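Residue numbering for the sequence shown follows my numbering, starting at 38 and increasing by one per position.
Before any comments, here is the structure.
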Amino acid sequence: MQCMVTLIRSASDTHSGIHTAGKLSREVTQGKLLRLHRGVYIRPEDWLSAPRWDRYLISCAALSQSKPGTVFCQTSALAIYGVSLNPTPSEISVRSAHGRAGHRLPPPLTGNASDATIRQLVQSSAPGGGHHLLRQIPVRGLEPPLPRGISRRDYRQAVAAGDVLPAEPQVAQPRLSDGTILDQQLLVEPPEEALVTSVARMTLASGVITADSARRGDGLLPAAVGPESLARAEPLLRTGPMRSRFRAVWDFSDPRAESAGESYARVLIHQLGFAAPTLQQSFTLASGRQVRVDFWWEEVRLIGEFDGLMKYRQAERFGYGGAAEAVIEEKRREDGLRGLGCGLLRWDWEDLERPQRFRRKLAAAGVPRR
38 MQCMVTLIRS
48 ASDTHSGIHT
58 AGKLSREVTQ
68 GKLLRLHRGV
78 YIRPEDWLSA
88 PRWDRYLISC
98 AALSQSKPGT
108 VFCQTSALAI
118 YGVSLNPTPS
128 EISVRSAHGR
138 AGHRLPPPLT
148 GNASDATIRQ
158 LVQSSAPGGG
168 HHLLRQIPVR
178 GLEPPLPRGI
188 SRRDYRQAVA
198 AGDVLPAEPQ
208 VAQPRLSDGT
218 ILDQQLLVEP
228 PEEALVTSVA
238 RMTLASGVIT
248 ADSARRGDGL
258 LPAAVGPESL
268 ARAEPLLRTG
278 PMRSRFRAVW
288 DFSDPRAESA
298 GESYARVLIH
308 QLGFAAPTLQ
318 QSFTLASGRQ
328 VRVDFWWEEV
338 RLIGEFDGLM
348 KYRQAERFGY
358 GGAAEAVIEE
368 KRREDGLRGL
378 GCGLLRWDWE
388 DLERPQRFRR
398 KLAAAGVPRR
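If you want it as structure tokens, here you go:
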């Protein structure tokens with residue numbers, strides 16, 4: 038599926054007289070365009086109406102157009118592959134070399150536009166407030182990760198001498214949250230390398246969301262990340278604390294969790310002291326229909342379901358005729374499960390973002406303690 042978001046490049050990049058740099062700069066000043074990175078622009082309505090995850094990927098694509106040959110790494114590489122991340126990264130991580138690591142802020146999205154122009158732009162494209170959406174996404178350059186047992190100086194010298202070859206980047210086209218694909222091929226570091234160096238710096242909850250997704254082989258990953266492919270990247274975990282954090286996440290992760298919400302719920306259930314559920318338990322309804330549920334506590338015959346609302350908001354993508362059909366079908370499924378003598382507990386992201394409210398829900402439903 039082709040993305041309707043269009044990145045506009047200046048004439049110096051396109052060799053076309055249609056979009057001269059001066060003309061595009063004037064349109065930024067007038068509030069008709071936003072400048073994402075040097076020489077790359079976007080219509081304000083495309084940017085301000087996009088979800089945060091999509092804005093991040095669009096900005097990565099714009100950076101790649103502005104600086105061809107950019108190699109994205111760590112959480113940026115994972116995002117481009119389509120691996121789940123929570124929260125969305127707050128900066129773009131790119132690979133640098135020869136000691137040129139550092140942090141920089143791209144030019145303002147609104148250029149030299151006046152405060153009045155910016156206010157009008159936000160009011161017309163993002164009613165209800167959207168000034169925070171006009172903040173630049175910082176770019177951080179990172180040198181390649183060091184394997185255990187080698188110093189940065191020795192590594193640089195080995196690379197310069199050709200004794201060590203950095204991992205070959207792969208190519209991926211970012212896919213937005215609605216399934217559309219950006220018309221831009223980005224260079225990204227290998228997924229295993231990005232995974233270990235990112236997860237080792239995450240909390241347990243964020244790390245499990247990412248590890249579960251990588252083990253499922255989500256998005257554009259060439260294959261699910263497993264022990265064999267992971268072994269090639271584990272030497273990049275240089276310190277004991279990094280290895281311990283990564284191993285804690287990896288050992289807890291489970292590819293049977295089918296979404297970021299299910300992964301997050303598993304971690305909270307554990308941290309709140311409740312018994313671990315069985316994942317993706319199958320049932321045969323009285324009608325003969327086979328269904329699977331997110332969580333199952335057999336001891337108390339209780340089903341747990343994470344309701345991410347995606348099946349209602351994008352019903353057609355899930356094979357329904359619309360949101361109303363999705364709701365009706367879900368009600369039939371729930372009635373069938375209750376007809377088997379099962380209790381059913383539902384929760385959503387708001388519950389997970391309020392752990393004590395989630396704890397009370399679990400306790401009231403009779404989820405057993407560990």
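Just so it is clear, CB atoms sit at the ideal spot from N, CA and C, and this is done for glycine as well.
Note that the structure is predicted; figures quoted are calculated from it, not measured.
Suppose you measure from the CA of L267 to the CA of E230; what does that come to, to the nearest Å? Taking C-alpha positions only, L267 is separated from E230 by approximately 8 Å.
Per the DSSP calculation, F311 is bridged to which residue(s)? Note: F311 sits in a beta bridge opposite R406.
Is it a yes or a no for the segment 252 to 272 touching the segment 281 to 295, going by three-plus beta-carbon pairs under 8 Å? Short answer: they touch.
CA nearest to the CA of S243, picked from L399, L85, V120: Residue V120 is the option with its Cα nearest to S243.
In chain order, which beta strand (DSSP E) runs of at least 3 residues are fully inside the segment 263 to 328? Taking only runs of at least 3 residues, the beta strand (DSSP E) segments lying wholly in the segment 263 to 328 are 315 to 321.
On the criterion of 16 or more Cβ atoms from any shown chain inside 10 Å, does S161 qualify as buried, or is it exposed? So S161 ends up on the exposed side.
What runs of the beta strand (DSSP E), each 3 residues or longer, lie entirely inside the segment 93 to 157? Contiguous beta strand (DSSP E) elements confined to the segment 93 to 157 occur at 129 to 132, 139 to 141, taking only those with 3 or more residues.
Whole-angstrom C-beta distance between P175 and L142, which should lie under 8 Å: 5 Å between Cβ atoms; contact.
Test item: CB-CB of R435 and P144 under 7 Å: Absent from the structure is residue 435, since the part of the chain shown begins at 38 and ends at 407.
Ignore the nearest five residues each way along the sequence and tell me which others in M239's own chain have a CB closer than 8 Å to its CB. So the list reads T247, R282, V286, once near-sequence residues are dropped.
Inter-stretch contact at 8 Å, needing at least 3 Cβ pairs: the segment 144 to 153 / the segment 68 to 88: Yes, the segment 144 to 153 touches the segment 68 to 88.
DSSP bridge partner residues for Y78 (one or two, in chain order): In DSSP, Y78 forms a bridge with I45, R72.
Please determine, among S300, H140, L115, G378, the residue with the shortest C-alpha to C-alpha distance to P206. Comparing Cα-Cα distances from P206 to each of S300, H140, L115, G378, the minimum goes to L115.
Chain-order list of residues whose beta-carbon lies under 6 Å from that of P181 (same chain, five-residue window excluded): Beyond the five residues adjoining it in sequence on each side, P181 comes within less than 6 Å, by CB distance, of P203 in the same chain, given in chain order.
Let's test the definition: count the other Cβ atoms within 10 Å of the Cβ of A138 and tell me whether it reaches 16, buried, or not, exposed. By the 10 Å Cβ count, A138 comes out exposed.
Determine the contact status of R408 and G310, defining contact as a CB-CB distance below 7 Å. What is shown of the chain runs 38 to 407, which leaves residue 408 out entirely.
How long is the line joining the alpha carbons of Q393 and A198, rounded to whole angstroms? Their Cα atoms are separated by approximately 56 Å.
Let me confirm a value: A237 is counted as buried when at least 16 other C-beta atoms fall within 10 Å, else exposed. Which label applies? Within 10 angstroms of the beta-carbon of A237 lie 16 or more other beta-carbons, which makes it buried.
Bounding residues of the beta strand (DSSP E) (the contiguous stretch that carries V337): Bounds of any beta strand (DSSP E) do not take in V337, whose DSSP letter is neither H nor E.
Three-way DSSP call (helix, strand, coil) for D388 in this model: In this structure, D388 counts as helix in the three-state DSSP scheme.
Give me, in chain order, the residues of the same chain whose beta-carbon lies closer than 7 Å to that of P126; leave out the 5 immediate sequence neighbours on both sides. Here the set comprises Y93, T112, S113, A116.
Per DSSP, which one or two residues make a beta bridge with F343? Answer by DSSP bridge pairing, in chain order: W384.
Beta-carbon within less than 6 Å of A195's beta-carbon, same chain only, minus the 5 sequence neighbours each way: which residues are those? The answer, listed in chain order, is V201.
Quick test of your reading: R329 and R185, contact by CB under 8 Å. State the CB separation rounded to the nearest angstrom. Actually they are not in contact, since the Cβ atoms of R329 and R185 sit about 42 Å apart, beyond 8 Å.
I need the straight-line Cα distance from A58 to G76, nearest angstrom please. Straight across, the Cα-Cα distance linking A58 with G76 is about 7 Å.
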